[in-house]
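If you're matching them up, the sequences are chains H and W in order. Add 145 to the 1-based position in the first sequence for my numbering, that's all there is to it. Add 67 to the 1-based position in the second sequence for my numbering, that's all there is to it. By construction, the Cβ of each residue, glycine as well, lies at the ideal position given by its N, Cα and C atoms.
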Amino acid sequence: MSSPILRLVAQRILLGLVLLFAVSVLIFAGTQILPGDVAQAILGQSATPEALANLREQLGLNDPAWLRYVHWLWGILHGDFGTAQSSGLDIASSIGTRLKNTLFLAACAAIVAVPLAVILGLIAVRYRNGFVDKLISGLALASTSFPEFFIGYVLIFVFAVHWQIFPSISTVDDSTPFLERLQAVVLPATALTLVVLAHMMRMTRAAILNVMQSAYIETAELKGLKPFDIIRKHAFPNAIAPVVNVVMLNLAYLIVGVVVVEVIFVYPGMGQYLVDHVAKRDVPVVQAVGLIFAAVYITLNIVADIAAIVANPRLRHPK
Amino acid sequence: MSNELDYLSRRVAAGKLSRRDFLGRAAALGVTATFANSLLSSAVRAAGPVKGGTLKAGLQGGESTNSLDPATFLSQVPFAFGKCWGETLVELAPGGGVEYLIAEEIGSSKDAKTWTMKIRKGVQFHNGKEVTPDDVVATLKRHSDEKSKSGALGVLKSIDTIKADAGNVVVTLKDPNADLPYLMADYHLIIQPNGGNDKPDAGIGTGPYKVTVNQPGVKHGGERFANYWQADKYGHADQVEIIVVNDPTARMAALQGGQVNMINRVEPKIVDLVKRLPGVTIRAASGRGFYPFNMFCDTAPFDNNDLRMALKLAMDREEMLTKILRGYGEVGNDMPVNKAYPLFADDFEQRKFDPEKAAALYKKSGHSGSILLRTSDVAFPGAVDAAQLYQQSCAKAGIKIEIKREPGDGYWTEVWNKQPFSLSYWGGRPTQDQMYSTAYLSTADWNDTRFKRPDFDKMVLAARGELDEAKRKKIYRDMGEIMRDEGGLIVPFFNQFVDATGKGVEGWVDNPAQELSNGHALIECWLQA
């Protein structure tokens, strides 16, 4: 390992931070141009002019926008997201629990989905254009084509109502023991796995097939290597970059885009939290959640970039 | 035969015979399953509640923005959980009238302006303190203060002074109001220590359950309060739990899978399927909620009563009831009250679908061209379908309706009470006076039909101050007539609250005031093994 790679990695991380900063400006600006006044939104119909003026003063709404932005950013850098306007609860601590739940569910789904997708992709390549390939692709595409709520309902019907082996309600909290928690997320994690499987599987298959056209694969075949060894040793390492990219995109989806699954399985994650607060025009919470989601996306993309760099010998060993 | 059934049902209640065996014996005696079941539940009720267990409800209507401060209660979950941990002065009794809780009795002066409420002694808060008249005064004052932003503010606006006097609380009103006891049953008015001024969302009340879990939008839980003052009546389960399940299919699945014992808001379109499920009981109670089509009486073309009447006559109420609510409701009569209200005269002539007369009146009104009707999914379940059905029945009378489907987000701020012809819903109020005062007085903020009639306003005030029930009933009858024939609302139907319970849930009482037996389901039901 040499310094160029470290420099590349450092560059990516720095770029990510700049991007995150830009996103924070966008989020803040976006919530500022939303119609309606925050004080009015809090007080509702019964707002009197004095109460409005008092609340504006109290919330610092009379300061110029840039000053409010600086205050906001400064708070966040110190882990202070402020308090939710609707319930008066501390945002950081409410998000903490929810984020943990979301990450747990995403991790459970990812632990199953990612290896499964890659292995299925490898198998599909090995038996490409044959019956096995078609079966794998067909099933995976079918499971992705169904809307996630449909998959969720089918799982509930079969496993929770008919056989009653898993709960349909996945409510968990801090005191839930690990095994119970695991049991609670079986159905939502399965639903999510089915949703993201095909994308990753198809990408693995396509990326490896692309490499399979290369001359060195032919050489390997002529050497007499077994088809699986060729794929494992020669094709897959060279196809990692695009696969990692797709995997990261799907991981990001598992964290930020699962509100439908959360609602169906009554899972207390970030999605439902965001939706509730958007409906109540609770701007500080929306800003905080938006920023966290942006950070997740950016981080995962950096990881994908770095993985692609590390996996590429040409970038690892520049001339 | 009936003696034998009685005997058998008592054996079931005593746990000496299984329910299945009982139903089998009953069938052998030639009794229908429905009758046998109802016989059984009365026997079970007579045998008395069973203590213990955890009663769980999966409810729609909870958000992560909810708070335990009763002043902020708006949706179903805080409402139902509030009934578990808190109590108001009085409650709306299932058969009309009031049930006395923290107030032992309520009396009024002859002019209905000064009301004296005797506060029950020996009622304890969860923190061990006893309820005093001062707590009650502080509670009422907090909710009647503009700053509290309480949902009960409108109800308490007419109060002039609130004072504690020995064991009583004395309230004087600005104007006479014979309905004050009903106002005190508002679900926001949970009596809190020192009125909740110290910590409004502490969740400390006098209810049968102490708050143990409070995760807004996720879960709420309570355990039985040992010193509850009427433990024989409420609070049978050791623990109660409310899980927020906003998705209707997930709610149904949770009930079927046995994860919860009761759910609210069963969609009318699936009720007939649900009924056939083993162990599931549908609890449908007729209520005071209705789904109106609102016309602004002061905006053209709706300022013409002939046109309004034409639009009323062009409504096929029976068809609406069967197609939109699947029969789980009662046809409306173009007034905002029905027989679920006290002092309602039930001799009104039912308005019927009459396309010919509607066509004639439409012609007479001189209006031409189409009429724009705004609707949205959020107005009520099935509101878009209802608008389309109405469009078709109007077409039969030669009236052209154009439907505009509005986005759900912003419907209540931009369309309802702003646009001249739109669909909406009302949850109903405990009394006719409250319903009329909320939406049909000239000065009401929520006058969503722009119905402004000084003579009608006078009748509302006259009825409010009238302590003679016969006279009051007569005034309300006349008001209903005016509403029906000259008002701006078309009422296709009143809806029922449709809840469902799972296996072994007993003690349910139908209550027209609100869903889930006015929120009492968790505290009045028990689990029969």
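Going by other Cβ atoms of all chains shown within 10 Å of its Cβ, with 16 needed for buried, is residue i buried or exposed?
| i | result |
| --- | --- |
| H:Ala285 | buried |
| H:Ser290 | exposed |
| H:Gln190 | For H:Gln190, the predicted structure reports a pLDDT of 48, less than 50, and the residue's modelled location is therefore unreliable. A value from the coordinates is still provided. Per the 10 Å Cβ criterion, exposed. |
| W:Val599 | Here chain W has residues from 68 to 596 only, and residue 599 of chain W is not among them. |
| W:His303 | buried |
| W:Leu388 | buried |
| W:Phe447 | buried |
| H:His344 | buried |
| W:Asp314 | buried |
| W:Met68 | Note that W:Met68 scores a pLDDT of 42, beneath 50, so its modelled location is shaky; the value from the coordinates is reported in the next line. W:Met68 is exposed by the Cβ-count criterion. |
| H:Val170 | exposed |
| H:Leu324 | exposed |
| H:Leu300 | buried |
| W:Asp535 | exposed |
| H:Leu339 | buried |
| W:Thr239 | exposed |
| W:Arg384 | buried |
| H:Trp211 | exposed |
| H:Val163 | exposed |
| H:Pro458 | exposed |
| W:Tyr460 | The sequence given here has Ser at residue 460 of chain W, not Tyr. Flag for W:Ser460 reads buried. |
| H:Arg152 | exposed |
| W:Arg343 | exposed |
| H:Met146 | A caution first: H:Met146 carries a pLDDT of 48, below 50, which makes its placement in the model unreliable, though a value can still be read off. H:Met146 is exposed by the Cβ-count criterion. |
| W:Trp483 | buried |
List, in order along the chain, the chain H residues whose C-beta lies closer than 9 Å to that of residue i?
| i | result |
| --- | --- |
| W:Asn313 | Val408, Val411, Gln417 |
| W:Gly125 | Ile314, Val411 |
Hey, could you find the ends of the beta strand (DSSP E) residue i is sitting in?
| i | result |
| --- | --- |
| W:Gln306 | 306-311 |
| W:Phe564 | 560-568 |
| W:Leu388 | Premise fails: W:Leu388 lies in the alpha helix (DSSP H), 384-391, not in any beta strand (DSSP E). |
| W:Asn361 | 360-362 |
| W:Gly174 | 170-175 |
| W:Asp227 | 226-232 |
Along chain H, which residues have their Cβ under 7 Å away from the Cβ of residue i?
| i | result |
| --- | --- |
| W:Thr121 | Result: empty, since nearest Cβ-Cβ is about 14 Å, beyond 7 Å. |
| W:Glu130 | Asp421 |
Taking C-beta pairs closer than 7 Å, name the residues in chain A that residue i reaches, listed in chain order.
| i | result |
| --- | --- |
| H:Asp225 | Reference to chain A is not applicable here, since the protein chains of this structure are H and W. |
Check for me: the alpha helix (DSSP H) holding residue i runs from which residue to which?
| i | result |
| --- | --- |
| W:Gln143 | 143-152 |
| W:Tyr429 | 422-432 |
| W:Arg441 | From DSSP, W:Arg441 is part of no alpha helix (DSSP H) but of the beta strand (DSSP E) over 438-442. |
| W:Glu582 | 582-585 |
| W:Ala323 | A quick correction: the sequence has Gln, not Ala, at residue 323 of chain W. Run containing W:Gln323: 315-323, per the alpha helix (DSSP H) assignment. |
| H:Gln328 | 323-357 |
| W:Val338 | 335-342 |
| W:Lys379 | 372-380 |
| H:Phe295 | 293-300 |
So which residues of chain W does residue i contact, with C-beta pairs closer than 7 Å?
| i | result |
| --- | --- |
| H:Lys245 | By Cβ distance, chain W contributes nothing, its closest Cβ being about 13 Å from H:Lys245, past 7 Å. |
| H:Val306 | Ala320, Gln323, Gly324 |
| H:Ser313 | Ala317, Ala320, Ala321, Gly324, Gln326 |
| H:Ile150 | Correct list: empty, because the minimum Cβ distance to chain W is about 44 Å. |
| H:Gln432 | The contacting residues do not exist; H:Gln432 stays about 15 Å from chain W at best. |
Taking Cβ-Cβ distances shorter than 8 Å, what residues in chain H pair up with residue i?
| i | result |
| --- | --- |
| W:Asn133 | Ser232 |
| W:Thr510 | Within chain H, no residue comes near W:Thr510; the closest Cβ sits about 15 Å away, beyond 8 Å. |
| W:Ile310 | Ile314, Thr316, Val411 |
Assuming the contact rule is C-beta atoms closer than 8 Å, residue i and residue j should be a hit. Round their C-beta distance to whole Å, please.
| i | j | result |
| --- | --- | --- |
| W:His193 | W:Gly272 | 7 Å |
| H:Val434 | H:Ile240 | 7 Å |
| W:Thr442 | W:Glu473 | 7 Å |
| W:Met502 | W:Phe523 | That pair is no contact at about 13 Å. |
| W:Ser489 | W:Lys467 | At roughly 17 Å, the Cβ-Cβ gap does not stay under 8 Å, so W:Ser489 and W:Lys467 are not in contact. |
Check the Cβ of residue i against every Cβ in chain W and list those closer than 9 Å, keeping chain order.
| i | result |
| --- | --- |
| H:Asp427 | Thr132 |
| H:Gln177 | The premise fails here: H:Gln177 is roughly 19 Å from chain W at the closest Cβ pair, so nothing lies under 9 Å. |
| H:Asp318 | Val280, Gln282, Val285, Lys286 |
In chain W, which residues lie less than 8 Å from residue i when you measure between Cβ atoms?
| i | result |
| --- | --- |
| H:Gln203 | The contacting residues do not exist; H:Gln203 stays about 13 Å from chain W at best. |
Complete beta strand (DSSP E) runs within the stretch 463-542 of chain W (minimum length 3 residues, chain order): 468-472, 488-490
Quick check for students: name the residue ranges of the alpha helix (DSSP H) that lie wholly in the stretch 191-234 of chain H, counting only runs of 4 or more. 194-204, 210-222
Could I get the ranges of all uninterrupted beta strand (DSSP E) runs contained in the stretch 386-447 of chain H, with 3 residues as the minimum, in chain order? none
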